[in-house]
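In what follows, a structure is listed as structure tokens, so that the remarks can point back to it.
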Amino acid sequence: MTDSLLNTPVKLGHHTLNNRVVLPPLTRQRSAQPGDIPTALMAEYYRQRAGAGFMVSEGTQIEPRGQGYAWTPGIYSPAQIDGWRKVTDAVHADGGVIFAQLWHVGRVSHNALQPDGAAPVAPSALPALQAKAFIETAPGVGELKQPPVPRALSVLEIEALVGQYAQAARNALDAGFDGVEIHSANGYLVNQFISAHSNTRDDEYGGSLHNRLRFLREIVEAVCKVVGPQRLGVRFSPLFSGTDQDRVYIGLVEEDPHHTYIEAIKVLEESGIAYVSIAEADWDNAPDLPDTFREAVRSTFSGRIIYAGRYTAERGERLVQAGLADLIAFGRPFIANPDLPQRLFNGWPLNPLREEGMYGGGEAGYIDYPTYCD
Numbered sequence: 000m001t002d003s004l005l006n007t008p009v010k011l012g013h014h015t016l017n018n019r020v021v022l023p024p025l026t027r028q029r030s031a032q033p034g035d036i037p038t039a040l041m042a043e044y045y046r047q048r049a050g051a052g053f054m055v056s057e058g059t060q061i062e063p064r065g066q067g068y069a070w071t072p073g074i075y076s077p078a079q080i081d082g083w084r085k086v087t088d089a090v091h092a093d094g095g096v097i098f099a100q101l102w103h104v105g106r107v108s109h110n111a112l113q114p115d116g117a118a119p120v121a122p123s124a125l126p127a128l129q130a131k132a133f134i135e136t137a138p139g140v141g142e143l144k145q146p147p148v149p150r151a152l153s154v155l156e157i158e159a160l161v162g163q164y165a166q167a168a169r170n171a172l173d174a175g176f177d178g179v180e181i182h183s184a185n186g187y188l189v190n191q192f193i194s195a196h197s198n199t200r201d202d203e204y205g206g207s208l209h210n211r212l213r214f215l216r217e218i219v220e221a222v223c224k225v226v227g228p229q230r231l232g233v234r235f236s237p238l239f240s241g242t243d244q245d246r247v248y249i250g251l252v253e254e255d256p257h258h259t260y261i262e263a264i265k266v267l268e269e270s271g272i273a274y275v276s277i278a279e280a281d282w283d284n285a286p287d288l289p290d291t292f293r294e295a296v297r298s299t300f301s302g303r304i305i306y307a308g309r310y311t312a313e314r315g316e317r318l319v320q321a322g323l324a325d326l327i328a329f330g331r332p333f334i335a336n337p338d339l340p341q342r343l344f345n346g347w348p349l350n351p352l353r354e355e356g357m358y359g360g361g362e363a364g365y366i367d368y369p370t371y372c373d
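Under numbering that gives the first Met the number 0, the sequence shown has 363 at position 364, and the numbering climbs by one with no breaks.
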């Protein structure tokens with residue numbers, strides 16, 4: 000497949016990417032404690048995968064309340080910014096392009112992860128019934144826990160959070176990232192504002208879809224002022240059906256997901272941002288996104304479109320060939336194959352994914368997967 004469409008350059012914002020293979024944001028829970036600080040081990044992990052045309056960091060919380068899983072990195076303290084600089088330096092030394100994913104989990108957290116053991120924050124005081132938070136129970140050991148009932152944010156607090164997204168974007172540039180992605184998927188904070196299931200507010204941030212999209216609009220506008228639209232992407236997970244499986248839950252299914260997310264993408268189009276990333280349902284036997292939705296995304300949005308799901312190179316290439324996608328993200332295969340682009344382009348066999356080391360731990364299952372020539 001050396002003549003694969005995935006192995007062709009493409010413009011993304013200010014960058015010309017070498018290929019169309021993306022390392023998407025993948026939570027690996029390897030930050031140093033205390034302080035949730037990125038490490039040299041993380042720098043090596045990203046460096047190994049810098050052959051991707053484009054990379055997005057794992058979700059990195061914009062403030063302490065934004066954490067829903069033990070050992071995930073932040074991007075709000077000087078030590079965290081310094082840690083991320085080691086990562087971006089390593090990626091850039093190998094010719095890679097990397098954006099930081101700005102993350103706030105909202106209600107998908109637990110008192111054990113919150114400052115002073117407080118309740119998590121959310122648009123409304125409605126608990127996340129399907130999702131689980133992950134808390135540390137001893138050094139290097141933890142468990143999945145049901146999130147408690149969150150506390151509804153005040154309007155002033157929402158405005159302050161918009162400012163924290165902008166500051167996190169500033170921190171990302173200071174850390175050497177080439178841009179940022181706003182995490183608006185998977186049932187986390189921005190998604191909680193968008194969803195009628197989790198947002199029952201009766202003020203300017205709730206009620207109509209236009210109001211439920213206000214938080215997203217304000218964050219996009221604030222972050223654009225910091226990084227510029229060409230250094231900004233947004234990720235959505237427009238599910239058309241759901242699942243009850245632990246660790247597989249990736250968001251909320253709206254009454255009319257097509258309308259909800261096309262309206263959300265119109266917000267992005269108005270701002271002129273570089274890309275939209277669509278995380279598809281990826282559990283066993285999950286339904287594919289409707290073609291009508293893919294076509295509507297393309298006709299609505301003039302920037303680059305990234306799809307992530309259980310893609311093979313062939314399936315991803317078909318989507319690019321059809322003009323419905325510009326880049327394809329590969330999650331699990333990229334964990335197990337640091338040289339994934341070359342394996343895809345040359346038809347080389349893939350390493351199998353090992354479940355141990357997926358979340359937390361050290362080098363095993365993280366940076367010890369061999370390249371094809373090893």
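Even for Gly, the Cβ is constructed at its ideal location relative to N, Cα and C.
Exercise for the section: Measure the C-alpha to C-alpha separation of tryptophan 379 and glycine 139 and round it to an integer number of angstroms. Expected result: The structure shown does not extend to residue 379, since the chain spans only 0 to 373, so no value can be given for it.
Practice task
Count the other CB atoms, across all protein chains shown, that sit within 10 Å of the CB of alanine 117; report buried if there are 16 or more and exposed otherwise.
Solution key: exposed
Practice task
Return yes when the Cβ of tyrosine 68 is within less than 8 Å of the Cβ of phenylalanine 133, no when it is not.
Solution key: yes
Handout entry: Under the three-state DSSP convention, the category tryptophan 282 falls into
Key = coil
Practice task
Using the Cα positions of glutamine 60 and alanine 184, report the straight-line distance between them to the nearest angstrom.
Solution key: 14 Å
Problem - For glutamate 294, three-class secondary structure by DSSP - result: helix
Exercise for the section: Return the Cβ separation of tyrosine 45 and glycine 105 in integer angstroms, given the expectation that the two are a contact with Cβ distance under 8 Å. Expected result: With a Cβ gap of about 26 Å, tyrosine 45 and glycine 105 do not count as contacting.
Handout entry: Inter-stretch contact at 8 Å, needing at least 3 Cβ pairs: the stretch 302-319 / the stretch 276-293
Key = yes
Practice task
Identify whether glutamine 320 lies in helix, strand or coil by the three-state DSSP scheme.
Solution key: helix
Exercise for the section: Return the CA-CA distance between methionine 357 and glycine 65, expressed in angstroms with no decimal places. Expected result: 21 Å
Practice task
Return yes when the Cβ of tyrosine 365 is within less than 8 Å of the Cβ of asparagine 336, no when it is not.
Solution key: no
Practice task
Would you give the residue range spanned by the beta strand (DSSP E) that threonine 87 belongs to?
Solution key: Per DSSP, threonine 87 belongs to no beta strand (DSSP E); it is in the alpha helix (DSSP H), 77-92.
Practice task
For glycine 322, count neighbouring Cβ atoms within 10 angstroms of its own Cβ and tell me buried if that reaches 16, exposed if not.
Solution key: exposed
Practice task
Can you tell me which of the three DSSP states lysine 10 falls into?
Solution key: strand
Problem - Span of the beta strand (DSSP E), counted from its first residue to its last, around histidine 109 - result: No beta strand (DSSP E) contains histidine 109, which DSSP labels as neither H nor E.
Practice task
Could you name the residues that DSSP lists as bridge partners for glycine 241?
Solution key: Looking at the DSSP assignment, glycine 241 forms no beta bridge with any residue, so it has no partner.
Problem - Counterpart residues of threonine 59 in DSSP-defined beta bridges - result: Leu101
Handout entry: Cutoff 6 Å; reference isoleucine 401; Cβ partners in own chain excluding five residues on either side
Key = This structure cannot settle anything about residue 401, because the visible part of the chain is limited to 0 through 373.
Exercise for the section: Could you check the C-alpha separation between glycine 141 and tyrosine 371 for me, to the nearest Å? Expected result: 34 Å
Handout entry: Which of helix, strand or coil DSSP assigns to leucine 231
Key = strand
Problem - Range of the contiguous beta strand (DSSP E) that encloses threonine 136 - result: 132-137
Handout entry: Three-state secondary structure (DSSP) of serine 276
Key = strand
Exercise for the section: Taking only the alpha-carbon atoms, compute the straight-line gap between isoleucine 157 and aspartate 202 and give it to the nearest angstrom. Expected result: 12 Å
Practice task
With a threshold of 16 other CB atoms inside 10 Å of the CB of leucine 160, please say whether the residue is buried or exposed.
Solution key: buried
Problem - Cβ-based burial, arginine 230 [other Cβ within 10 Å; buried from 16] - result: buried
Practice task
Label valine 21 either buried or exposed according to how many other C-beta atoms from any shown protein chain fall within 10 Å of its C-beta, with 16 as the threshold for buried.
Solution key: buried
Practice task
Please determine if the stretch 166-176 and the stretch 144-156 are in contact, where contact requires at least 3 C-beta pairs separated by less than 8 Å.
Solution key: no
Handout entry: As assigned by DSSP and simplified to three states, the class of tyrosine 187
Key = coil
Problem - Of the listed residues Glu57, Ala127, Val86, Pro126, nearest to isoleucine 181 (C-alpha basis) - result: Glu57
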